[in-house]
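S.K.: Sending over a structure as C-alpha cells; questions will come in a sec.
There are 2 protein chains.
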Amino acid sequence: MAQMGRPRTFDRGVAITQAMHLFWEHGYDATSLSQLKANIGGGITAPSFYAAFGSKQALFNEVMERYLNTHGRVTDSLFDTALSPRESIELTLRRSAKMQCEPDHPAGCLVALGLLSACTDESKAISQPLADARSLNRARMVECVERAIASGELPTTVVPEALATVFDSFLLGISVLARDGVPLKQIDDAVTQIMTLWDASCIGRPAIGSGKS
Amino acid sequence: MAQMGRPRTFDRGVAITQAMHLFWEHGYDATSLSQLKANIGGGITAPSFYAAFGSKQALFNEVMERYLNTHGRVTDSLFDTALSPRESIELTLRRSAKMQCEPDHPAGCLVALGLLSACTDESKAISQPLADARSLNRARMVECVERAIASGELPTTVVPEALATVFDSFLLGISVLARDGVPLKQIDDAVTQIMTLWDASCIGRPAIGSGKS
DNA sequence: TCACATATATACCGATCGGTATAATATGGA
DNA sequence: TCCATATTATACCGATCGGTATATATGTGA
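Those protein sequences? They're chains G and A, same order as listed.
Numbering that gives the first Met the number 0 applies: residue 0 is where the first sequence begins, and numbers increase by one.
Numbering that gives the first Met the number 0 applies: residue 0 is where the second sequence begins, and numbers increase by one.
Have a look at this one:
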C-alpha cells in the first residue's frame with residue numbers, strides 16, 4: 000500500500016526547505032501565504048497548501064524543527080565534552096559565522112532573527128521554540144565556562160555569566176552583521192580577536208579595567 | 000497669527016513619541032494603522048492621522064529622526080575625541096546597555112532591531128536610515144581603534160576592523176539579550192569583561208590563539 | 001457677523017490577509 | 001469496472017491592511 004489517492008505534484012520535504020528560506024529571510028509575519036504558495040514546487044494552490052501542511056503556523060513549526068536539526072546544529076559543539084571548553088566556544092562561533100554567511104540561504108541565523116519575526120504578540124508565542132533555543136544556548140555557554148573553571152582552565156575569579164554573556168551577545172550580533180553584508184573574513188577575524196579574551200582571562204588577569212563605569 | 004483653523008486635540012510631539020514606542024516594539028510592518036490611531040492621544044481617526052503625518056511611512060521617518068536624536072545618542076561617545084578611545088567604546092557599550100534595559104520604553108535598540116522591521120523589500124528601503132546608522136557606527140568603531148593605534152594606546156599589530164567588529168557585534172547582540180529579558184547587571188558585567196579584551200590587546204599580546212581552525 | 005482655515009467624524013475604497021467550500025481529477029485496491 | 005482515497009483547481013469567505021472622499025465642527029481674522 001504505497002500511497003492512495005492522487006499523488007501530489009511537489010516534494011513535501013523540498014517544500015519545507017523552500018518555506019524555511021522564506022521564513023528565514025522575511026520572518027513569520029511578513030511571509031505571506033501568497034509568497035509561500037508561489038515558491039513551493041513552482042507554485043501550488045491554497046487547498047494544496049492546507050492539505051499538505053495544515054496551516055501557516057503548522058508549517059512554521061515544521062520549519063523551525065527542520066532548522067534546529069540542520070543549520071541550527073552549528074552550536075552543538077557547546078555541549079561536546081570531548082572538546083575543551085575553549086574549543087567548544089571557538090568552534091561554535093566559527094561555525095555559526097560561516098553558516099550565516101553561506102550564499103545558498105538567507106544570511107544570519109533564524110534563531111537570532113526569530114526575535115524579529117515575533118512582531119505581533121501572537122507570533123511571539125508561535126516562535127517560542129526559537130526563544131527557547133536562544134535560552135538553551137545561553138545556558139550552555141555558561142556551563143561551558145563553568146566546565147573550564149572546574150577543570151582549572153580558567154581561574155575561579157572568572158564570573159561564568161559575565162564571560163558567557165560576552166560570547167553570547169557577540170554570537171547574536173553576527174546575525175545583524177551578516178544581514179548587513181559584512182564579509183565572513185571580517186567576522187572570522189573578529190572571532191580570532193575575541194578568543195584572546197578567553198586567553199587573557201586564562202592567564203589570571205580577570206576584571207582588569209572593571210572600574211571606570 | 001497663533002494658529003488658524005480648528006486646533007487638533009492631541010499633541011503632535013507626544014504622538015511621535017507614542018508612535019516611536021510602537022514601531023520600536025513591533026517594527027515598521029507589524030505596527031498597523033489601527034494600533035497607531037488607537038495609541039495616539041487617546042485615539043484619533045484616520046483622517047486626523049493623515050492630516051497630521053501624511054502617511055505611515057512619513058511618520059516612521061519622523062520617528063527614526065526622533066530616535067536618532069535622543070535614545071540613539073548613546074553611541075555619540077564614539078566620536079568624542081575628548082575621551083580616550085578605550086573610554087569612548089566602554090561608554091558606548093555601557094550607555095547602550097543601560098538605555099536598552101530602561102523600563103519606560105521597549106527593550107533593545109531601534110537601530111539594531113530595525114533590521115527586523117525590514118521584512119518586506121519595500122520596508123527594507125523605508126528603514127534605510129537605520130541601516131545607515133548601523134553602518135556609520137561600524138565605521139566609527141573602526142576609527143576609534145585606529146585612533147588608539149595612532150596614539151600608541153594599542154600596538155600597531157592590532158587589526159582595526161577585527162577588534163572593532165568584536166565590539167560592534169557585541170553591541171548589536173545586546174538588543175536580542177535585552178529583548179529576551181537578560182537583566183542589565185548581567186549585560187553590564189559582560190561589558191566589564193569584554194573591555195579586558197582591549198587591555199589584553201593593549202599589553203601587546205594581539206592575536207593569541209589566532210591559530211586553531 | 002461672516003468668510004477662511006484647519007481639524008474632526010462617518011463612511012467607504014481596492015488590495016491583501018489567512019483560510020475554506022465545492023467540485024473536478026488522478027491514483028491504488030477490490 | 002468501480003469505489004475509496006487523496007490531491008488538484010476554481011471560486012469565494014470575513015477580516016484587516018493602508019489610505020481617502022465627503023461633510024461637519026471649531027477655531028482665527030476682518
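No residue lacks a Cβ here, since even glycine has one placed at the ideal position from N, Cα and C.
1. Should Ala124 (chain A) go down as buried or exposed, given a rule of 16 or more other Cβ atoms within 10 Å for buried?
2. Taking the C-alpha atoms as reference points, what is the distance between Asp167 (chain A) and Val175 (chain G)?
3. Quick one: any contact between the region 96-105 of chain A and the region 155-163 of chain A, if contact means 3 or more CB pairs under 8 angstroms?
4. Taking its Cβ as the centre, do 16 or more other Cβ atoms sit within 10 Å of Val13 (chain A), making it buried, or is it exposed?
5. Assign Asn68 (chain A) to one of two classes, buried (16 or more other C-beta atoms within 10 Å of its C-beta) or exposed (fewer than that).
6. Throw me the rounded Cβ distance for the Val165 (chain G) and Gln192 (chain A) pair, which I believe falls under 8 angstroms.
7. Pull up the distance between the alpha-carbon of Asn38 (chain A) and that of Val62 (chain A), whole angstroms please.
8. Any heavy atom of the ligand ZN within a distance shorter than 7 angstroms of the CB on Pro182 (chain G)?
9. Sort G:Tyr66, G:Gly113, G:Phe78, G:Ile15 by Cα distance to Gly53 (chain G) and report the nearest one.
10. Where Gly208 (chain A) and Arg85 (chain A) are concerned, what is the direct C-alpha to C-alpha distance, given to the nearest angstrom?
11. For Leu67 (chain A), go through chain G and note every residue whose CB falls closer than 7 angstroms to its CB, in chain order.
12. If contact is defined by three or more beta carbon pairs under 8 angstroms, each pair taking one atom from either stretch, is the region 36-51 of chain G in contact with the region 4-12 of chain G?
13. Thinking C-alpha only, which one of G:Asn60, G:Gln2, G:Asp28 is nearest Pro128 (chain G)?
14. In the structure shown, what three-state DSSP assignment does Val157 (chain G) receive?
15. Please name the residue in A:Asp28, A:Leu82, A:Met3 whose C-alpha comes closest to that of Thr277 (chain G).
16. Any residues in the region 14-25 of chain G with a beta carbon nearer than 8 angstroms to a beta carbon of chain A? Which ones, in chain order?
17. Nearest to Gly40 (chain G) by alpha carbon, out of G:Gln17, G:Leu58, G:Arg178, G:Val73?
18. How is Val181 (chain A) classed by DSSP in three states: helix, strand or coil?
19. Nearest to Val181 (chain A) by alpha carbon, out of G:Pro105, G:Met3, G:Ala130?
20. Can you tell me whether DSSP reads Pro105 (chain A) as helix, strand or coil?
21. Counting only C-beta atoms, is Asp188 (chain A) closer than 8 angstroms to chain G at any point?
22. Locate the alpha helix (DSSP H) running through Asp120 (chain G), then write down its first and last residues.
23. Under three-state DSSP, which class holds Ser31 (chain G)?
24. Between the C-alpha atoms of Asp188 (chain G) and Ser134 (chain A), what's the straight-line distance to the nearest angstrom?
25. Say whether chain G places a C-beta atom closer than 8 angstroms to the C-beta of Thr164 (chain A).
26. Helix, strand or coil, according to DSSP, for Ile15 (chain G) in the structure here?
M.R.: Reading from the atomic positions:
1. Counting from 1 along the second sequence, the entry for residue 124 (chain A) is found at position 125. Under this definition Ala124 (chain A) is an exposed residue.
2. Walking along the second sequence from the start, residue 167 (chain A) turns up at place 168. Walking along the first sequence from the start, residue 175 (chain G) turns up at place 176. Distance between the alpha carbons of Asp167 (chain A) and Val175 (chain G) is about 10 angstroms.
3. no
4. What you label residue 13 (chain A) is simply residue 14 of the second sequence in a count that begins at 1. When all chains shown are included, Val13 (chain A) counts as exposed.
5. What you label residue 68 (chain A) is simply residue 69 of the second sequence in a count that begins at 1. With fewer than 16 other Cβ atoms within 10 Å, it is exposed.
6. Numbered from 1 along the first sequence, position 166 holds the residue referred to as residue 165 (chain G). Numbered from 1 along the second sequence, position 193 holds the residue referred to as residue 192 (chain A). Between Gln192 (chain A) and Val165 (chain G) the Cβ distance is about 5 angstroms, and since that is below 8 angstroms, they are a contact.
7. Counting from one through the second sequence, the residue named residue 38 (chain A) turns up at place 39. Counting from one through the second sequence, the residue named residue 62 (chain A) turns up at place 63. Approximately 15 angstroms, taken between the alpha carbons.
8. In the structure shown, the ligand ZN is absent, as is every other ligand, since no ligand is present at all.
9. Along the first sequence, one-based indexing puts residue 53 (chain G) at 54. Of G:Tyr66, G:Gly113, G:Phe78, G:Ile15, the residue nearest in Cα terms is G:Ile15.
10. As a working mapping, residue 208 (chain A) is identified with position 209 in the second sequence. As a working mapping, residue 85 (chain A) is identified with position 86 in the second sequence. Because the pLDDT at Gly208 (chain A) is just 39, under 50, the model does not fix this residue reliably, and the point stays unresolved.
11. Residue 67 (chain A) sits at position 68 when you count from the first residue of the second sequence. The contacting residues do not exist; Leu67 (chain A) stays about 17 angstroms from chain G at best.
12. yes
13. Looking up residue 128 (chain G) in the first sequence gives position 129. Out of G:Asn60, G:Gln2, G:Asp28, G:Asn60 has the C-alpha closest to the C-alpha of Pro128 (chain G).
14. Here residue 157 (chain G) is taken as the residue at index 158 of the first sequence, counted from 1. It is coil, neither helix nor strand.
15. This structure does not reach residue 277 (chain G), given that chain G is present from 0 up to 212, and the question cannot be answered.
16. His25
17. Locating residue 40 (chain G) in the first sequence gives position 41, where the first residue counts as 1. Here the closest residue by C-alpha is G:Gln17.
18. Along the second sequence, one-based indexing puts residue 181 (chain A) at 182. Three-state result, Val181 (chain A): coil.
19. In the second sequence, the residue the question calls residue 181 (chain A) occupies position 182. When each option's Cα is compared against that of Val181 (chain A), the closest is G:Ala130.
20. Residue numbering aside, residue 105 (chain A) sits at position 106 when the second sequence is read from its first letter. Coil.
21. Position 189 of the second sequence, counting from 1, holds the residue named residue 188 (chain A). Chain G, which has a Cβ nearer than 8 angstroms to the Cβ of Asp188 (chain A), makes this yes.
22. What you label residue 120 (chain G) is simply residue 121 of the first sequence in a count that begins at 1. Segment 120-125, the alpha helix (DSSP H) holding Asp120 (chain G).
23. As a first step, residue 31 (chain G) is located in the first sequence; it is residue number 32 there, counting from the start. Ser31 (chain G): coil per DSSP, three-state reduction.
24. Looking up residue 188 (chain G) in the first sequence gives position 189. Looking up residue 134 (chain A) in the second sequence gives position 135. Between Asp188 (chain G) and Ser134 (chain A), the C-alpha separation is close to 18 angstroms.
25. On the second sequence, residue 164 (chain A) is found 165 positions in, with the first residue counted as 1. It does: the Cβ of Thr164 (chain A) has a partner Cβ on chain G nearer than 8 angstroms.
26. By 1-based counting over the first sequence, the position of residue 15 (chain G) is 16. Of the three classes helix, strand and coil, the one that applies to Ile15 (chain G) here is helix, per DSSP.
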